Structure formats: C-alpha cells, structure tokens
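K.L.:
If you scroll down you'll find the structure; I have some questions about it.
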Amino acid sequence: MRNKYAGICYRCHGNVPAGAGHFERHQGKWRTQHADCAIKAKQEKES
Ligand SMILES: [Zn+2]
Numbered sequence: 169m170r171n172k173y174a175g176i177c178y179r180c181h182g183n184v185p186a187g188a189g190h191f192e193r194h195q196g197k198w199r200t201q202h203a204d205c206a207i208k209a210k211q212e213k214e215s
C-alpha cells in the first residue's frame, strides 16, 4: 500500500515523501518504508 503521507523509513531512517514508499501494519502500528528499501529487503531475503 502506497503511503499517503510523508514519514520516516524504518529501514534506512531516511525521509519518505508521500507516495514514494509503502505503509504497512506492524504490531498494531503503521510504519513506512521506501519502495526501494522494500525491494532491497525482499531481494536479500530471497538470495
Ligand atoms: Zn529507506
């Protein structure tokens, strides 16, 4: 799900402009990450 609001990426702690990343539900809270960071994390997991 694309983030509607700007936030801080929980992976690299950088600023995520609205629409530039993803929101996800985690332990009852919403967290934000860059789309790029999500792809990177997925690749690292699979390799
Ligand atoms: Zn990031």
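Numbering-wise, this note's numbering puts 203 at position 35 of the sequence shown, and it's gapless, one number per residue.
Glycine included, each C-beta is placed from N, C-alpha and C at the ideal position.
Small disclaimer: the values here were computed from a predicted structure and weren't measured.
Is residue 190 near ligand 1, judged by its Cβ being under 7 Å from some heavy atom?
P.N.:
Result no, Cβ not under 7 Å from ligand 1.
K.L.:
I'd like to confirm something about residue 182: is its beta-carbon nearer than 7 Å to some heavy atom of ligand 1, or not?
P.N.:
Yes; taking the cut-off as 7 Å, the Cβ of residue 182 has a heavy atom of ligand 1 nearer than that.
K.L.:
Please return the same chain residues whose Cβ sits closer than 6 Å to the Cβ of residue 193, not counting the five positions on each side in sequence.
P.N.:
Nothing meets the Cβ criterion.
K.L.:
For the alpha helix (DSSP H) that residue 208 lies in, which residues bound it at each end?
P.N.:
Its alpha helix (DSSP H) spans residues 203-214.
K.L.:
Give me the residue from 179, 180, 181, 186 with the minimum Cα distance to residue 173.
P.N.:
When only C-alpha atoms are compared, the closest one is 186.
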